[in-house]
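Student: Chain order of the listed sequences is L and W.
Residue numbers are given in the numbering used here: position 53 of the first sequence equals residue 53, and the series is strictly consecutive.
So the number in the numbering used here is just where the residue sits in the second sequence, counting from 1, plus 115.
Just dropping this structure here.
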Amino acid sequence: AQSVTQLDSQVPVFEEAPVELRCNYSSSVSVYLFWYVQYPNQGLQLLLKYLSGSTLVKGINGFEAEFNKSQTSFHLRKPSVHISDTAEYFCAVSAWGGSQGNLIFGKGTKLSVKP
Amino acid sequence: GAVVSQHPSWVICKSGTSVKIECRSLDFQATTMFWYRQFPKQSLMLMATSNEGSKATYEQGVEKDKFLINHASLTLSTLTVTSAHPEDSSFYICSARDIGQGATEAFFGQGTRLTVV
Numbered sequence: 001a002q003s004v005t006q007l008d009s010q011v012p013v014f015e016e017a018p019v020e021l022r023c024n025y026s027s028s029v030s031v032y033l034f035w036y037v038q039y040p041n042q043g044l045q046l047l048l049k050y051l052s053g054s055t056l057v058k059g060i061n062g063f064e065a066e067f068n069k070s071q072t073s074f075h076l077r078k079p080s081v082h083i084s085d086t087a088e089y090f091c092a093v094s095a096w097g098g099s100q101g102n103l104i105f106g107k108g109t110k111l112s113v114k115p
Numbered sequence: 116g117a118v119v120s121q122h123p124s125w126v127i128c129k130s131g132t133s134v135k136i137e138c139r140s141l142d143f144q145a146t147t148m149f150w151y152r153q154f155p156k157q158s159l160m161l162m163a164t165s166n167e168g169s170k171a172t173y174e175q176g177v178e179k180d181k182f183l184i185n186h187a188s189l190t191l192s193t194l195t196v197t198s199a200h201p202e203d204s205s206f207y208i209c210s211a212r213d214i215g216q217g218a219t220e221a222f223f224g225q226g227t228r229l230t231v232v
């Protein structure tokens, strides 16, 4: 079974400052890793994903994440945030393998960008 | 990316009535769709996995008779909340896998806000 821990429930930051949203996972098998963003009363939009290959993954809206297998982490970063980045961010894992698979989500991190 | 459309985006119903939520993959085929429930300020909890042409697989603690799932085609899955009660009020989100993309990614609908009064 897999699990995801998002270490910060809320992250306040000023506009144009850098931000890191932390995510650690636990799994006994290889996993795929995802970051999603959710705006109020909306579904989830994929920011980026790690499937294999390069451990540094670049996504949309200037976000990137680095997969660290030894630390079982997949932290999300952005060098300079905007007001429009204010949203809820979810880290998720899946073990597709030979099974149908599904996404296991962390509890989310609310990013608040202040002017 | 692929598009998943969920309808309605919000619904208010009276206690004791049933509500149907549709999840459609618009530009791809999805053998598997997932239904999630999200409580306020919480994460998404998987309710069930919907498989085209077969019975859904429900997660532990989810009432099969209350949350009826039908996946009649490769582009449509429905969730029916039967005899809804105020405690069923929540945000429901579906997702679908694009089998043509090797199924490594699931795409999400925009969610349905259900309020039972």
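Glycine is no exception: its CB is placed at the ideal position from the N, C-alpha and C atoms.
So that I know if they touch, is there some Cβ in chain L lying closer than 8 Å to that of W/Thr230?
Tutor: No, because no Cβ of chain L sits closer than 8 Å to the Cβ of W/Thr230.
Student: Counting pairs of beta carbons, one from the stretch 149-156 of chain W and one from the stretch 192-208 of chain W, are three or more of them closer than 8 Å?
Tutor: Touching, yes.
Student: For W/Cys209, which beta-bridge partners are listed by DSSP?
Tutor: DSSP, once it has assigned bridges, lists W/Trp150 as partnering W/Cys209.
Student: Give the C-beta separation of W/Ala171 and W/Ile184 to the nearest angstrom, bearing in mind that I take them to be a contact with Cβ-Cβ under 8 Å.
Tutor: Right, the Cβ-Cβ distance comes to about 4 Å (below 8 Å), so this counts as a contact.
Student: Would DSSP call L/Asn61 helix, strand or coil?
Tutor: Three-state result, L/Asn61: helix.
Student: Report buried or exposed for W/Gly226, applying the criterion of at least 16 other Cβ atoms within 10 angstroms of its Cβ.
Tutor: So W/Gly226 counts as buried.
Student: Can a CB atom of chain W be found closer than 8 Å to the CB of L/Leu46?
Tutor: Chain W, which has a Cβ nearer than 8 Å to the Cβ of L/Leu46, makes this yes.
Student: Determine, using beta-carbon pairs with one atom in the stretch 107-114 of chain L and one in the stretch 83-96 of chain L, whether at least three such pairs fall under 8 Å.
Tutor: Yes, they touch.
Student: Name the chain L residues whose beta carbon is nearer than 8 Å to that of W/Ile208?
Tutor: Ordered by position in chain L, the residues that pass the 8 Å Cβ test against W/Ile208 are Gly43, Leu44.
Student: Give the DSSP-derived three-state secondary structure of W/Ser192 in the structure shown.
Tutor: It is a strand residue.
Student: Let me know if W/Ser165 comes out buried or exposed under the rule of 16 or more other beta-carbons within 10 Å of its beta-carbon.
Tutor: Buried is the call here.
Student: Which class does W/Glu178 belong to by DSSP, given the choice of helix, strand or coil?
Tutor: Looking at W/Glu178 - three-state DSSP - the assignment turns out to be coil, as it is neither helix nor strand.
Student: How far does the beta strand (DSSP E) with W/Val119 in it reach, from first residue to last?
Tutor: Start and end: 119-122.
Student: If you drop the 5 nearest sequence neighbours on each side, which residues of the same chain put their C-beta closer than 6 Å to that of L/Gln45?
Tutor: Contacts found: Val37.
Student: Does DSSP put W/Glu137 in a helix, in a strand, or in coil?
Tutor: Reduced to three states, the DSSP call for W/Glu137 is strand.
Student: Could you name the residues of chain L that W/Ser233 contacts, counting a contact when the two beta carbons are closer than 7 Å?
Tutor: Chain W is shown only over 116 to 232; residue 233 of chain W falls outside these bounds and no answer can be derived.
Student: Tell me the DSSP secondary structure of L/Ser52 in three-state form.
Tutor: Three-state DSSP puts L/Ser52 in coil, outside helix and strand.
Student: State buried or exposed for L/Gly106, treating a residue as buried only when at least 16 other CB atoms are found within 10 Å of its CB.
Tutor: L/Gly106 comes out buried.
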